[in-house]
Amino acid sequence: MYNNNKMKTVLVLILALFHLTTVGAQIEIKATIFDKNTNETLPYANVFNQQQLFGTATNLEGYFELPNNQIGDTIVISYLGYKEEKIVVGSTTIKTIRLSPSSSRLKDVVVRANSDYLYDLVSKIRNHRRTKIKKAKTYFYLETYLNKDKAEVIEAYYNGNYSNYSIDELDYKKGRIGVKTIRNRHFTSTESSRLFSIHNLFSKSNFFPSNPLSINKKMLLKNYSLKLNYAYQEKEAQIYVISFDPKDNRSDFFSGTIWVDVDKNQLLKINLKVRNASLHPFSIIGRNDIEQVDMAITKYYQSIEGKQYMDKIHFNYGLTYSDRSENKISVNSKAFIKAYDYNNQFVLPYFKFTKHYHEDYRNLTASSYDSVFWSKNTEFRFYDRMKMIETFIKENLFKNKRVFPQNASSSYQPHLQFPYLQWSKERVKMGQASKRRINYSKENNFEVDRYNFNTKLYFDINSIQDSLIFQLVAILDPLQSFYYFQMEKEDHAFVNMYFDLLEIQKRKLEMELLQLTNPTINLMTELYEKHLGLYAETCKLFVAETDRGYNAEKMKKWNDYIFKSLNVNNYAFFKLKK
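Read in order, the letters of the sequence shown are residues -25 to -1, 1 to 553 in mature numbering (1 follows the signal peptide of the UniProt record, and there is no 0).
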């Protein structure tokens, strides 16, 4: 289920213009949320259907769309500093809603700017930050603009690990990416989700400027000016809103605003901003000439069992660099992450993702596009952007294509063109190892230690509408594979047939899974483990019999088996002697 924000701080919905579209019994809500007093829109407000258990968030203009509601459903809208609002879905169009704020300003609170009290208050947050780890289903979205043209869209889901106001780790579940080529260049965020996990409010970092929570009180007094903007009462809590600015306008310090519960010394929200940051986590692959980086980060927290945990983060950044022709290139990204369900977790893919550079990019492109997941998973989405996301990714989808066409003979493309290779009838060619590496490896008396094919069977299970949906993909990981022999056509056939055997085993597993009458996740994973064991035994026999492809009789035997199973003739493709 989607975990609605239960914080004491709630949304005041002042004015909402609703457009209800009824399709059968389903009603789509389209609304913009405003502040009553200022008439300003409220970005990233939480919107949740209590009966259908799905939700969304407003965009930067305070607008949201929520489809597939039923008459009588209760829509809950919440936002820090405002009263929580509940709206019952009806058949009639609701055009205007006007509500009064529930939180009252504390007019008698007077705190002199830069008084020790504010510094003590901010410092005490550090002493109350310890919390145990909690996991939550997590949604991630990013869009990037290259010189104002949309160049990239990423949408992904994770199991998030949260503690101490931070994201400890994001365990990848499912994602998709679209990258558009603009004027013969494209921009890809290879480590996009790590922006969120490597930024810890309470630690100094080589990747981000300091903030009032990352330094001790002595350094805080020396480097920051604090000011109480206002205070307000919300139920039993007193909330102080404190702005902070570096005294010397330094680019290695964030400025921003903190929302703090003064009675519990708990952080409710913080926004951070910096222009021309001297510390940042960005780099352009192959270049080191970023000229300017601007960042704006806002983090929201929610109360769970009396402790503060991540609710959502929006992270906007812009950077400027010069290309090889000295042209100025402007890159702007808007990223959003939401921990939307602390009561449930995803069943993660049964697949050992390789920890390596460009990890997000590798994870996003590991498996085939899962159309069932993206059409059926509705727990949390930016519904107002779904048409744009679907269209952009469909037109610019990074597909896991094969890199060696069927008619290739002697000219092969580099095998690292794609981070993971999915099986297809087109053939793979391992890159030729250097002579030095080959000669060095000859010192190993065991020939089998001179090569390794990191083949993996990607297996993902999703529980959707009372059904268990699975996805299976046979994968070769080139970065974890090596072959320290001179590559001849026999060697190429040997490599491909090894990979073919995994595809055969995958298809056998697929048939068994489809024949299950009462499938469970445990039963399905037991079958998966069984077939991994069978594949290992098959490969062991294949390696023992074929002598790396140079035992013609046994290679012919295995080629016939593969041809019968997959209609792939390695003998013909690599022109082996019969």
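We treat Cβ as the ideally placed atom computed from N, Cα and C, and that holds for glycine.
Own chain, CB closer than 7 Å to Phe321, minus 5 neighbours either side, in chain order: Lys112, Tyr132, Asn134 and Lys148
Where the beta strand (DSSP E) containing Leu491 begins and where it ends: From DSSP, Leu491 is part of no beta strand (DSSP E); its letter is neither H nor E.
Cα-Cα separation, Tyr317 to Lys532: 54 Å
Cα-Cα separation between Met486 and Phe434, rounded to whole angstroms: 14 Å
Cα-Cα separation, Leu491 to Leu170: 42 Å
Whole-angstrom distance between Ser399 and Ala383, CA atom to CA atom: Residue placement at Ala383 cannot be trusted, given a pLDDT of 35 that sits under 50; the coordinates are not used to answer.
Short Cβ contact (8 Å threshold) for Gly65 with Ile52: no
Cβ pair Glu130, Ile364 closer than 8 Å: yes
Span separating the alpha-carbon of Asn139 from that of Ser258: 28 Å
Limits of the alpha helix (DSSP H) - the one that Glu130 falls within: No alpha helix (DSSP H) holds Glu130; the beta strand (DSSP E) holding it covers Asp124 to Ser138.
DSSP state of Phe23 mapped onto helix, strand, coil: strand
The region 229 to 248 / the region 110 to 126 touching (three or more Cβ pairs under 8 Å): no
Range covered by the beta strand (DSSP E) that runs through Lys369: Element bounds for Lys369: not the beta strand (DSSP E) but the alpha helix (DSSP H), Met361 to Asn371.
Coil, strand or helix - Val347 by DSSP: helix
Cα-Cα separation, Asp220 to Leu201: 7 Å
Rounded separation between Tyr473 and Phe428 - CA only: 8 Å
Arg523 classed as buried or exposed, judged by whether at least 16 other C-beta atoms fall within 10 angstroms: buried
Asn12 (DSSP reduced to helix, strand or coil): coil
Length of the line joining the Cα atoms of Met194 and Phe228: 12 Å
Beta-ladder partner(s) of Ile190, from DSSP: Bridge partners of Ile190: none, in fact.
Contact belief for Arg337 with Tyr426 at Cβ below 8 Å, rounded distance in angstroms: Not really, about 22 Å apart at Cβ, beyond 8 Å.
Extent of the continuous alpha helix (DSSP H) run through Asn338: Glu334 to Leu339
Check whether Val249 and Pro187 have beta carbons under 8 Å apart: no
C-alpha gap between Ile62 and Gln208, whole angstroms: 24 Å
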